[in-house]
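Residue numbers (our numbering): 6 to 108.
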């Protein structure tokens with residue numbers, strides 16, 4: 006009959022019910038929810054730290070690889086240079102021997 010008028014008893018019971026539900030949710034849901042969020046944050050942080058360590062290790066390995074490659078190239082140039090010198094000496098010796106035999 007008067008459906009739109011506020012009833013103080015109903016308002017009181019609605020507030021009490023809301024507060025009871027709020028306390029139950031805080032006790033049963035809020036704690037585990039925060040724990041799950043903290044666990045997820047920790048997992049993400051650990052994954053980022055692990056990725057950062059892996060990146061740093063990869064950079065160190067790349068620098069070592071580049072150093073070894075440069076060293077190998079230097080050794081190769083040195084060996085090729087020595088081989089050219091030896092070939093030039095052998096060539097000069099062959100020419101000298103040929104001239105000597107020709108005379």
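From the three backbone atoms N, C-alpha and C, an ideal C-beta is built for every residue, glycine too.
Open item on the list: With a threshold of 8 Å on Cβ separation, who are the neighbours of residue 13 within its own chain once the five nearest residues in sequence on each side are excluded?
Closed with: Indexing the chain shown from 1 puts residue 13 at position 8. Around residue 13: no qualifying Cβ.
Task: C-alpha distance - residue 10 paired with residue 42, whole-angstrom precision - done: Sequence index remark: in the chain shown, residue 10 carries index 5 (1-based). Sequence index remark: in the chain shown, residue 42 carries index 37 (1-based). Those two C-alpha atoms are separated by around 44 Å.
- [ ] Please state whether DSSP places residue 17 in a helix, a strand or coil.
- [x] As a position in the chain shown, residue 17 is number 12, starting the count at 1. DSSP places residue 17 in helix when its eight states are reduced to three.
- [ ] Return the first residue and the last residue of the alpha helix (DSSP H) that residue 94 is part of.
- [x] As a first step, residue 94 is located in the chain shown; it is residue number 89 there, counting from the start. It spans 36-107 - the alpha helix (DSSP H) in which residue 94 sits, taken as one unbroken run.
- [ ] Please report how far the alpha carbon of residue 18 lies from the alpha carbon of residue 56, in whole angstroms.
- [x] The residue given as residue 18 occupies position 13 in the chain shown. The residue given as residue 56 occupies position 51 in the chain shown. Each residue's Cα considered, the two are about 54 Å apart.
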